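Numbering (mature numbering (1 follows the signal peptide of the UniProt record, and there is no 0)), first residue to last: -22 to -1, 1 to 298. Just so you know, even glycine gets a beta-carbon here, dropped at the ideal spot from N, CA and C. As the structure is a computational prediction, the values presented were derived from the model and not from experiment. This report concerns only the one structure given below.
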């Protein structure tokens, strides 16, 4: 009975997600947000990287993680905008930066993208989530422009990178099996409702298909289509393959770094923070009770953006 009730909760969650998506579409038609402007830079390899710009003050760049676009960080950026000029670039393959994934991609391309943003904005402060945090750590090695950093749960796999899952994900995306790929994402990064762990893969794949179909019909509102986000996660998977097991290589990163995380995040992310805190020469840490990996995202995506923003503001002010 307990398992059945959890499956019922999942079904309700998936269908309520679809309902919210259709409501957001109607909201979009009647409201224009003037709190930000957009711009772009050209990265070293010629790729166009688009960004949103909020507020006025000290320049601050937000580096995204997987499965989101600039709008996922809208409330965080607005919470920071009173004291910072906040730049939220879309990483490759999503939102305003549309270059599709190719197997030739390496993390160095994302480092170059960040460098282009930093050079245009003259920013020295960076906040980054998840795979974006690994990009930022890699950039800290070679970009002296980065002076102070806040990272939220970089996904280092201290006990071994899940290479088989990543291979499966790449194959499913290549075959256009997006619902199956979404399930592989859930199983690999261990986010989403805890009930997912109780459901057999074929059942969960079937349940995921319906919201994806409804999104194609109703639209994603102000967010990006999952049908576009799922293929883009191959960038993030490549980052994990290249650097997810190389946490010890960051012992030479000397910038002051605040590590953030939530008590509801998967254990491997907490182990990542434990290890990174020991390795970084100037690292400190703050844990949010009740938050998970989506902490920096908008509230309707499970985040607590004001709480995360307050920690960012406090840390950067303390270092001035």
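Using a Cβ-Cβ distance cut-off of 8 angstroms, the stretch 20 to 37 and the stretch 57 to 74 are in contact, since at least three pairs of beta carbons, one from each stretch, lie closer than that value.
Close CB contacts of residue 90 within its chain, under the 6 angstroms cut and outside five residues either way in sequence, are with 21 and 22 (chain order).
Burial is judged here by how many other beta carbons sit within 10 angstroms of a residue's own beta carbon; residue 179 has fewer than 16 and is exposed. Unbroken beta strand (DSSP E) stretches of 3 residues or longer found wholly inside the stretch 196 to 266: 235 to 240 and 261 to 266, given in chain order. For residue 104 against residue 181, the beta-carbon gap comes to about 41 angstroms, at or over 8 angstroms, which does not count as contact. Judged by DSSP secondary structure, residue 26 falls within the beta strand (DSSP E) whose first and last residues are 26 to 32. By the Cβ criterion, the stretch 164 to 171 is not in contact with the stretch 254 to 264, since fewer than three pairs of Cβ atoms, one from each stretch, lie closer than 8 angstroms. Cβ atoms of residue 108 and residue 131 come within 8 angstroms of each other, at about 6 angstroms.
Of all C-beta pairs linking the stretch 53 to 61 to the stretch 117 to 129, fewer than three are shorter than 8 angstroms, placing the two stretches out of contact. Assignment of residue 62 by DSSP, reduced to helix, strand and coil, places it in the strand class.
Counting C-beta pairs with one atom in each stretch, the stretch 277 to 285 and the stretch 219 to 227 have fewer than three that are closer than 8 angstroms, which means they do not touch. For residue 126, the enclosing beta strand (DSSP E) starts and ends at 126 to 130. Annotation: the continuous beta strand (DSSP E) that includes residue 16 extends over 14 to 20. Residue 10 is not bridged by DSSP to any residue.
Between residue 101 and residue 37, the C-beta gap is smaller than 8 angstroms, which places the two residues in contact.
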